[in-house]
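**Student:** Residue 133 is where the sequence shown starts when you use my numbering, and the numbers rise one by one after that.
Pasting a structure below so you can have a look.
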Amino acid sequence: MLLSVSPDLHTGLPEMLLVTVTHWCSKLADHPYIFMRWKEQAFVDAKEDCGLTITGFYYICLSRLDGSIQGLYCDPKSTPYQLLELQPANSHQGHTVGRYQFC
133 MLLSVSPDLH TGLPEMLLVT VTHWCSKLAD HPYIFMRWKE QAFVDAKEDC
183 GLTITGFYYI CLSRLDGSIQ GLYCDPKSTP YQLLELQPAN SHQGHTVGRY
233 QFC
């Protein structure tokens, strides 16, 4: 899948930024990894006084080759940083991954 910049995005953006975005978006289809930043929205089954925070972000790397996900939770108010590793639960069944499990 080749990503492109929508025409609406061009309005008001400096020309140098448009050239940069267009250049990098055209390269995404051939790149073996996708890098993302994930943000938690809420805790599941956690009490308010549990001491956990969701002020940080997960910096994630998705391998397009095997569907694995590795990430690091970064929060300046929390140490040590937490490592996240996920593998497709239905590996060796194609590139569509609908379910993950912790490593």
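The C-beta atom is built at its ideal place from N, Cα and C for all residues, glycine as well.
1. Output the distance between the C-alpha atoms of residue 188 and residue 201, rounded to the nearest integer angstrom.
2. When you compare each of 169, 161, 160 to residue 207 by their alpha carbons, which one comes out closest?
3. Measure from the alpha carbon of residue 174 to the alpha carbon of each residue in 216, 186, 199, 160, then state which is nearest.
4. Should residue 220 go down as buried or exposed, given a rule of 16 or more other Cβ atoms within 10 Å for buried?
5. If I follow the unbroken beta strand (DSSP E) through residue 191, where does it start and stop?
6. Which same chain residues, not among the five before or five after residue 213, have their C-beta less than 8 Å away from its C-beta?
7. May I ask you to list the residues that DSSP assigns as paired with residue 214?
8. Restricting to Cα atoms, I'd like to know which of 191, 192, 190, 198 is closest to residue 164.
**Tutor:** Short version:
1. 18 Å
2. 169
3. 186
4. buried
5. 189-195
6. 204, 205, 206, 207
7. 205
8. 198
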